[in-house]
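Heads up, the thing below is written out as structure tokens.
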Amino acid sequence: MSDTVLVDSDLAPPGSVVTLLRRNPLLAAAAALGLLLVLLALFAPLIAPHPADAGSATHPLDTFLPPSLHHLFGTDPVGRDMFSRVLYGTRISLAVAAVVIALSIVVGVPLGVAAGALGGVVDTVLMRITDIFLAFPALLLALAFASVLTPSVTNATIAISVTWWPWYARLARGQAASVAGRPFIASCRALGLSPARTLLRHVLPNSLTPIIVQASADVGGVILTAAALSFLGVGAQDPTPEWGLLVNQGQAYFTTQWWLVTFPGAAILLTALVFNLLGDGLRDVLDPRRVVGRA
Amino acid sequence: MTPFLVRRTAHGLVVVAGVVILTFVIARVVPGDPASSWVGPHASAAQLRAARHTLGLDRPLPVQIWRYFRGVVTGDWGVAITTHRPVLSDLGTRAPASLELVGAALLLALAAGVPAGLLAARWRGAAPDLLVRLAAVFGVSMPSFWFALILQLVFFQRLHLLPVSGQYDPALDTTHPLSTHVHMPLVDSLVSGNWPVFTSALTHLVLPAIVVAAYPGGIIARMVRAAVLDTLGEDHVRMVRALGFAERTVFARYALKPALNPVVSVTALVFAYSLANTFLVEAIFDWGGLGSYAAAAIQSLDTPAIVGVTLFIALVYVAANLAVDIAQAALDPRIKLR
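The listed protein sequences correspond, in order, to chains G and F. Numbering of the first sequence is given in the numbering used here, commencing with residue 100 and proceeding in unit increments. Numbering of the second sequence is given in the numbering used here, commencing with residue 751 and proceeding in unit increments.
Written out as structure tokens, the structure is:
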């Protein structure tokens, strides 16, 4: 939150997670909601009133029903329950975010740590390559890649991952370079540890905090990008209940059947909001120096 | 100044070269065989061979890259499949509308974000701070295409307040014909004193500009807050406070000014982001800029057009970054030493 809170928690004896969350009500709320979203995604088949409607089921007698107790979010042009579809959409969005961020970390972090710790030519070449990727707004490059691939959730995930890893390479590189300069790494070398062992056992673990913070802050961004790709038709395809696609499909009817657009879009907004708040909160607590997010 | 300028420009050129190569990969390498999509599914082997030759695909890869490079530099960006016009001239006619929209949106984002960030920093931890930070997170988390549709629903469908389609009322073309200079209705009508078109263009701009402004507004508010809080911790501000200056003076004269530098650079960064964001917004508002051009190109798998827009925005981005770095080095001599 604010610097004062940080100073307090620095001076206080290392508290439990509970004290940490009590001091940061916003972070606590975001963490609880994030957990709730993950649970909703995991247990979607148990919670959804009409699980079959997440697929290509049709109910010709129930088309365009407005929201009611029976259909909380109304029904779509072929009679599918929108609540079930939006609920299943949570699975897709969270899974895409998890895969993109995991891939970006697996590719970006080792490269970045190697560049930061080794320096020299390796460092220069890697940084120029990331410069090039970062010269594109993420949405733009992901769109360009996705538009030349066959549209699907998998290919959209690949396209976003291709644009996302350089951020992690950059972050890990900066962190590793500063860790590598510290005395305990010099003593590792003096003790005769191999460079590989020094990197893996000592530089890497000490570079991870900002990466964890970035990963939680990025969930919202990835979900927004994936929804944008689907909205433009280069991501998920019918009958996948992806949120961006649902908004796109509802667009034709939204002046009269407002629920078709409103609920899936609100789901995107709320999910991105929760994870952005979570990322901001974690950053304030764990990483006071990096105050500002990326543009 | 000069060594810095040379170094920074050289770096910019390396990035531009890399950007061109990356777009080449997207246009020619990723899609598999562009020749087969060029001739269609029912072509004979001979036709396919001929297409490969016409497209230069039978040449070694370095030659292909060199030709692509030469085309980009000499203004041959290929022909758009849907419009049958050179991509570069398509971009030329479409860019002004997007620049008008994004320019208006960034002004709006600055007008809202800078005071909001200051307010949050002044009352850090109190209600205004919490409110601003929540609003900023909302702006950053907003799916712009959905925001556009919701605003249309509220302001057009329900309240009948604002127009939602096009850049100005086309009915005015007969009564008050607009003389075009820069292809931005707002600017054109202002220079030629065409007030009916000017007011029409202004009302048409409101909703799309608000949608595009949401993201940069949130980013700028956070940036201002963080930068002002940073400078407040510096020695010169503590000195001014110790000397007994009023808190208002401390903010206005000593804390805000050094904080403006990062704000300028983040504004340049979000400029290109907002250009890409118009892909999601322009088609909804029937705004004839790059965004609706790109969205249409994506729908019809028009690779030359998609790659052209991508390259264009990336170049704008690199240029904006270069300009900001040079401007900041001119303003702040410490930067040159890094």
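The beta carbon of each residue, even a glycine, is placed where N, CA and C say it ideally should be.
Item: Closest to G916(F) by C-alpha separation, out of F1035(F), L979(F), G762(F) and L928(F), would be which residue?; Value: F1035(F)
Item: What number of angstroms, rounded off, separates the C-alpha of T162(G) from the C-alpha of G173(G)?; Value: 9 Å
Item: In angstroms with no decimal places, state the Cα-to-Cα distance between V837(F) and D826(F).; Value: 8 Å
Item: Helix, strand or coil for V1100(F), going by three-state DSSP, please let me know.; Value: Nothing about residue 1100(F) can be reported from this structure: the residues present for chain F run from 751 to 1088 only.
Item: Select from A1026(F), R972(F), L1081(F) and A1047(F) the residue whose C-alpha is nearest the C-alpha of N1011(F).; Value: L1081(F)
Item: For V890(F), return the contacting residues in chain G, with the cut-off set at a CB-CB distance below 7 Å.; Value: N375
Item: Does Q348(G) pass the burial test, meaning 16 or more other C-beta atoms within 10 Å, or should it be called exposed?; Value: buried
Item: Could you check what DSSP says for T157(G) in three-state terms: helix, strand or coil?; Value: coil
Item: Looking only at its chain, what residues have a beta carbon closer than 7 Å to the beta carbon of R380(G), apart from the 5 residues adjacent to it on each side?; Value: In the sequence on display, residue 380(G) carries Gly and not Arg. N123, L125, L126 and A129.
Item: Near L901(F), which residues of its chain fall below 6 Å by C-beta distance, leaving aside the five closest residues on each side in sequence?; Value: L957
Item: Would R227(G) pass as an interface residue toward chain F - the criterion being a Cβ-Cβ separation below 8 Å?; Value: yes
Item: Over what stretch of residues does the alpha helix (DSSP H) that includes P1012(F) continue unbroken?; Value: L1006 to V1031
Item: Out of F142(G), A196(G), V177(G) and A147(G), point me to the one whose CA is closest to A156(G)'s CA.; Value: V177(G)
Item: Label V106(G) either buried or exposed according to how many other C-beta atoms from any shown protein chain fall within 10 Å of its C-beta, with 16 as the threshold for buried.; Value: Caution applies to V106(G), whose pLDDT of 41 falls short of 50 and renders its modelled position unreliable; the value that the coordinates give is listed next. It is exposed - the Cβ of V106(G) has fewer than 16 other Cβ atoms within 10 Å.
Item: Which full runs of the alpha helix (DSSP H) of 4+ residues lie inside the stretch 869-895 of chain F, going along the chain?; Value: 877-891
Item: Quick one: which unbroken alpha helix (DSSP H) runs of 4-plus residues sit fully inside the stretch 218-248 of chain G? Chain order, please.; Value: 219-232 and 237-247
Item: Within the 8 Å Cβ cut-off, does A1026(F) reach chain G?; Value: yes
Item: With H, G and I counted as helix, E and B as strand and the rest as coil, what does DSSP make of T833(F)?; Value: coil
Item: Output yes if chain G places a C-beta closer than 8 Å to the C-beta of Y1043(F); else output no.; Value: no
Item: What does the Cβ neighbour count give for M934(F), buried or exposed, with the cut at 16 atoms within 10 Å?; Value: buried
Item: Just to make sure I have the definition right: I need the residues of chain F whose C-beta is within less than 9 Å of the C-beta of L368(G). Which are they?; Value: F888, S891, M892, P893, W896 and F897
Item: Need the endpoints of the alpha helix (DSSP H) that R1075(F) sits in, please.; Value: The residue asked about is misnamed: residue 1075(F) is Asp in this sequence, not Arg. Its alpha helix (DSSP H) spans residues T1053 to L1081.
Item: Using a Cβ-Cβ cut-off of less than 9 Å, list which residues of the stretch 329-354 of chain G approach chain F; keep chain order.; Value: F330, L331, G332, V333, W342, G343, V346, N347, G349, Q350, F353 and T354
Item: Kindly list the residues whose CB is nearer than 8 Å to the CB of F283(G), restricted to its own chain and excluding five residues on each side of it in sequence; keep chain order.; Value: H301
Item: Three-state secondary structure (DSSP) at G378(G)?; Value: helix
Item: Mind listing, in chain order, the continuous alpha helix (DSSP H) runs of no fewer than 4 residues lying wholly within the stretch 247-278 of chain G?; Value: none
Item: Going by CA-CA distance only, name the one from S192(G), L345(G), L171(G) and L164(G) that's closest to L141(G).; Value: S192(G)
Item: Looking at chain G, is there any beta carbon in it that lies within less than 8 Å of the beta carbon of L805(F)?; Value: no
Item: In terms of residue numbering, what span does the alpha helix (DSSP H) encompassing H910(F) cover?; Value: No alpha helix (DSSP H) contains H910(F), which DSSP labels as neither H nor E.
Item: Going along the chain, which residues of its own chain have a beta-carbon closer than 8 Å to the beta-carbon of L955(F), five neighbours each way excluded?; Value: E850, L851, A854, Q917 and L936
Item: Can you give me the C-alpha to C-alpha distance between P893(F) and L323(G), rounded to a whole angstrom?; Value: 6 Å
Item: In this structure, how does DSSP classify D180(G) when only helix, strand and coil are distinguished?; Value: strand
Item: Please work out which residues of its chain come closer than 8 Å, Cβ to Cβ, to A1009(F), disregarding the five sequence neighbours upstream and downstream, and give them in chain order.; Value: V974, A977, V978, D980 and T981
Item: Under 9 Å between beta-carbons, which chain G residues line up against L1051(F)? List them in chain order, please.; Value: S246 and V247
Item: Using the C-alpha atoms, what's the distance from R817(F) back to V864(F)?; Value: 46 Å
Item: Roughly how many angstroms lie between the CA atoms of A951(F) and F1021(F), to the nearest whole one?; Value: 22 Å
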